[in-house]
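Numbering (our numbering), first residue to last: -4 to 512.
Even glycine gets a Cβ: it sits at the ideal position worked out from N, Cα and C.
Nothing here was measured: the structure is a model prediction, and the numbers come from that model.
Below: the structure, in structure tokens.
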Ligand SMILES: Nc1ncnc2c1ncn2[C@@H]1O[C@H](COP(=O)(O)OP(=O)(O)OP(=O)(O)O)[C@@H](O)[C@H]1O
Ligand SMILES: [Mg+2]
């Protein structure tokens, strides 16, 4: 046969195939088409010696991220960067390197115990535009593993476990920690419950200003917790620990949370309770958190009326922080129905069913406002008071900000710290050099000034408070004296009245006798 004839034969076969396919797609009823497809697949399977396993990026109806997909992605990263031709680059751990992974619709082969396995990455965009208020435009990604059916047992019993184990280990190593925050419930249809950014907070326990002994105790507690998987399993307790951080604003509660995350290499979930509609959604949020997580509820006293009597929030006169004020006001506006018992279930109930280690941290400025049930030991295992800065704390800040361990002015400051109440945030602000060539001594002198002013203000405040107290006492005393006097007058008046009645009666009796006589 001539080449021209071959080509024309091929062309007409191709044209017929396209024609038949169009007829099949357009004119065959859907049910019939489905049947044809099923039987066609069965037919091809008869001749196809390969088995195929697909792992989707998301599983479940709520687009829950599939852990197996993440592990496989990490596993294939090392492999694909060596063998694949089309790669994707993403920013890696600590933001200082690029991590390569295989691009969509790319293939790589892997070898396991002498067997060759083929991995393909694919992605598809949903073609049917759903008629929905919140259209989903997410690309669906998946990995596909192909291997000869004679290796079925090897792959299912051993290779897949190997991939998961290796992938998880690589994932932990290359893990870019994340800071999650819960999306408002109205947005759950469009995006996942938690949105995240890379967690890159520089705070560590080394830079945290607090009593060194207390700091060591907290660090030991955290490390012990993270290494106690077997212990928790042995005693039959869920692997979780609750920390309550309390103290005045600017004493380092949020900074301590960042230091905890950096120490343990955990993700941080910053839970904004006021955007959670009800208890059910609170539970859903918890299920969606990963292992190795610190779940944080900041300013718990403002987030909810935990006594159960919600509604009208009095804007407290003493509350001057505008953010907290706004938070308090928004609570009543958004009508979140999360209750105290819902929150207790959030802490206790679900821990038991979640496998990995989790830490929950509450922060508050007003410990006394919290319901005792919420912070009892066992729920909040460790209560940590973050208080005003002492000399030891100051030394840490001086090292951080001025890079000095000692100075002649330190002795003056030691005495001043005993006499003043100043937050680490205020000290940090004053230690920051105000100009590029500002030296340590200038900063220290300006801080001494601030401390002396604070001391003087505290003295004046104490004097004023004493004066007000004395005034109140004098007022109270005067009121009591006036009251006693009034009672005395009343008593005398009553006595006079009795006397007058008696003399009138005697007079009456006298005149009656005269008449009779
Ligand atoms: N103990 C501390 N050690 C080091 N820096 C601190 C400490 N406390 C406060 N700071 C500094 O002050 C700033 C504010 O502190 P932070 O936000 O942690 O206070 P907070 O206790 O969470 O306050 P709030 O109750 O208002 O939330 C931090 O950015 C940090 O620079
Ligand atoms: Mg804070």
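**Item:** residue 49 - partner residues in DSSP beta bridges
**Value:** 139
**Request:** Give me the Cα-Cα distance between residue 314 and residue 85, rounded to the nearest whole angstrom.
**Result:** Only weak support exists for where residue 314 lies, its pLDDT of 47 falling under 50; the value from the coordinates is given anyway. Using only the alpha carbons, I get a separation of about 44 Å.
**Prompt:** Any chance the CB of residue 249 is under 6 Å from a heavy atom of ligand 2?
**Reply:** At least one heavy atom of ligand 2 is nearer than 6 Å to the Cβ of residue 249, so yes.
**Assigned exposure category for residue 201 - 16 Cβ within 10 Å defines buried** = exposed
**Item:** Nearest-angstrom Cα separation, counted from residue 191 out to residue 428
**Value:** 33 Å
**Prompt:** CA-CA distance, residue 473 and residue 467?
**Reply:** Approximately 10 Å, taken between the alpha carbons.
**Prompt:** With 16 other CB atoms within 10 Å as the buried threshold, where does residue 47 fall?
**Reply:** exposed
**Asked** Thinking C-alpha only, which one of 447, 109, 110 and 114 is nearest residue 526?
**Response** Coverage of the chain is limited to positions -4 through 512, which leaves residue 526 absent and any answer about it impossible.
**Prompt:** Does the count of Cβ pairs from the region 230 to 241 and the region 415 to 429 closer than 8 Å reach three?
**Reply:** no
**Item:** Reference residue 339, options 353, 358, 366 and 361, closest by Cα
**Value:** Nearest in C-alpha terms to residue 339, of all of 353, 358, 366 and 361, is 366.
**Asked** Applying the criterion that 16 or more other CB atoms from any shown protein chain within 10 Å of the CB defines a buried residue, is residue 493 buried or exposed?
**Response** Exposed, since its Cβ has fewer than 16 Cβ neighbours within 10 Å.
**Asked** Using a Cβ-Cβ cut-off of 8 Å (strictly less than) and excluding sequence neighbours within five positions of residue 443, which residues of its own chain qualify?
**Response** Excluding residues up to 5 positions away in sequence, 404, 407, 408 and 411 lie with their Cβ nearer than 8 Å to the Cβ of residue 443 in the same chain.
**Asked** Are three or more beta carbon pairs between the region 61 to 68 and the region 160 to 167 nearer than 8 Å?
**Response** yes
**Prompt:** Rounded to the nearest angstrom, how far is the Cβ of residue 294 from that of residue 175, given a contact under 8 Å?
**Reply:** Wrong, their Cβ atoms sit about 18 Å apart, outside the cutoff.
**Request:** Assign residue 196 to one of three DSSP states: helix, strand, or coil.
**Result:** coil
**Message:** For residue 252 and residue 390, what's the separation of their Cα atoms in angstroms?
**Reply:** Each residue's Cα considered, the two are about 21 Å apart.
**Beta-carbon gap between residue 280 and residue 333 smaller than 7 Å** = no
**Item:** In DSSP terms, what residue 237 is bridged to
**Value:** 355
**Item:** Under the three-state DSSP convention, the category residue 378 falls into
**Value:** strand
**Message:** Short of 6 Å in beta carbon distance, which residues of its chain neighbour residue 305, apart from the five on each side in sequence? Order them along the chain.
**Reply:** Summary for residue 305: the model assigns pLDDT 36, below 50, so the residue's position carries little reliability, and this model does not support an answer.
**Request:** Could you pull the start and end residues of the beta strand (DSSP E) that residue 116 belongs to?
**Result:** Per DSSP, the continuous beta strand (DSSP E) segment holding residue 116 begins and ends at 110 to 119.
**Asked** Can you tell me where the alpha helix (DSSP H) with residue 396 in it begins and where it stops?
**Response** 386 to 397
**Prompt:** DSSP state of residue 154, grouped into three classes?
**Reply:** Residue 154: helix per DSSP, three-state reduction.
**Request:** Take residue 384 as the anchor and find which of 207, 36 and 12 has the nearest alpha-carbon.
**Result:** 207
**Prompt:** Can you round the beta-carbon distance between residue 110 and residue 140 to whole angstroms, since I take them to be within the 8 Å contact cut?
**Reply:** Not confirmed; about 12 Å, so no contact.
**Prompt:** What is the DSSP secondary structure of residue 404, reduced to helix, strand or coil?
**Reply:** coil
**Item:** residue 173 - DSSP class collapsed to helix/strand/coil
**Value:** Residue state, collapsed to three classes: strand.
**Request:** Starting from residue 104, follow its DSSP beta bridges and name the residues at the other end.
**Result:** 113
**Message:** Within the continuous beta strand (DSSP E) that includes residue 361, where are the two ends?
**Reply:** Where residue 361 is concerned, there is no enclosing beta strand (DSSP E), given that its DSSP letter is neither H nor E.
**Message:** Could you tell me the alpha carbon to alpha carbon distance between residue 310 and residue 399, rounded to whole angstroms?
**Reply:** Caution is warranted here: a pLDDT of 41 is assigned to residue 310, below 50, making its placement in the model unreliable, and the coordinate value is therefore given only provisionally. Straight-line Cα distance between these residues: approximately 44 Å.
**Prompt:** Should residue 420 be counted as a contact of ligand 1 given a C-beta to heavy atom distance under 6 Å?
**Reply:** yes
**Close-in-space but distant-in-sequence residues of the same chain around residue 13 (CB under 6 Å, 5 per side omitted)** = none
**Asked** For the alpha helix (DSSP H) that contains residue 516, what are its first and last residues?
**Response** This structure cannot speak to residue 516, because the chain is shown only from -4 to 512.
**Asked** Got a sec: does ligand 1 put a non-hydrogen atom nearer than 6 Å to the Cβ of residue 281?
**Response** no
**Request:** Determine which residues share a DSSP beta bridge with residue 291 and list them.
**Result:** Bridge partners of residue 291: 265 and 356.
**Asked** Helix, strand or coil for residue 72 per DSSP?
**Response** helix
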